[in-house]
Amino acid sequence: MVDETRPDGVHTLLAGNLRRLRIARHLSLSELARGTGMSKATLSSIENGRANPTVETLAALAEALGVALTELLEEPPVAEIRVVRAASPDGSRRLATGRSEPPDGVPQRLIDTITGGDGFEFRQLELAAEQSREAAPRPIGSRAHLFITAGKLIAGPVERSTELGPGDYASFPTDVPHIYQTGRHPAEALLIAQRPARAG
């Protein structure tokens, strides 16, 4: 049974965890509803932080998602940032071709593989010197994939940001507060903003 309620800290935490875990398993609300025997409206209400689910409801959700019940109520893991340095010999991988020569005579390196999400926006960033921008959290499951083309830039989740230089790449969650900050010189970067999969 689920009672309607006003969102508070616990309900907001539960809502975020439920959505994050559902999306990570590539489940729509309809699919999770079928797996738990709950209605889609009930699940939507929980994901919006406006439901007060019983322990039995939480247990059914945890079982369907393959997690411990406590994982629905705990703070999510610390936002991780993945960095591939331009000069790091093991930071990127050559495309597997089985040959010592680059394919088609074009040297290549595999920087990252991007999967999931409901869409991507490809942007060119031109940041002036001494510029700092703290961005608000995007929808749960959003990510940034950032490749520095010129200058230096501090970027990433506010608590885990890192300095990047030309040729460096970083991938980080943007569903937490995150920053883009330059120093004494301007910087340029290519950004792929990854939107999360839609509910439903």
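Per our numbering: the sequence shown = residues 13 to 212.
For glycine and all other residues, C-beta sits at the position ideal for the given N, C-alpha and C.
Every value quoted in this text rests on a predicted model; they were computed, and no experiment measured them.
Nearest to G177 (by Cα), restricted to the options P169, E43, F159: F159
Any idea if Y192 is buried or exposed, counting beta-carbon neighbours within 10 angstroms, 16 or more meaning buried? buried
Pick from E200, R172, A201, G195: whose alpha carbon is nearest that of E92? R172
When DSSP labels each residue in this structure, what does A167 get in the three-state scheme? strand
Which of the three DSSP states, helix, strand or coil, is assigned to S57? helix
DSSP three-state call for L85: helix, strand or coil? coil
When the Cβ atoms of the segment 54 to 74 are set against those of the segment 188 to 203, are three or more pairs found closer than 8 angstroms? no
Assigned exposure category for L26 - 16 Cβ within 10 Å defines buried: buried
Check whether the segment 124 to 132 and the segment 160 to 171 are in contact - that is, three or more C-beta pairs closer than 8 angstroms. no
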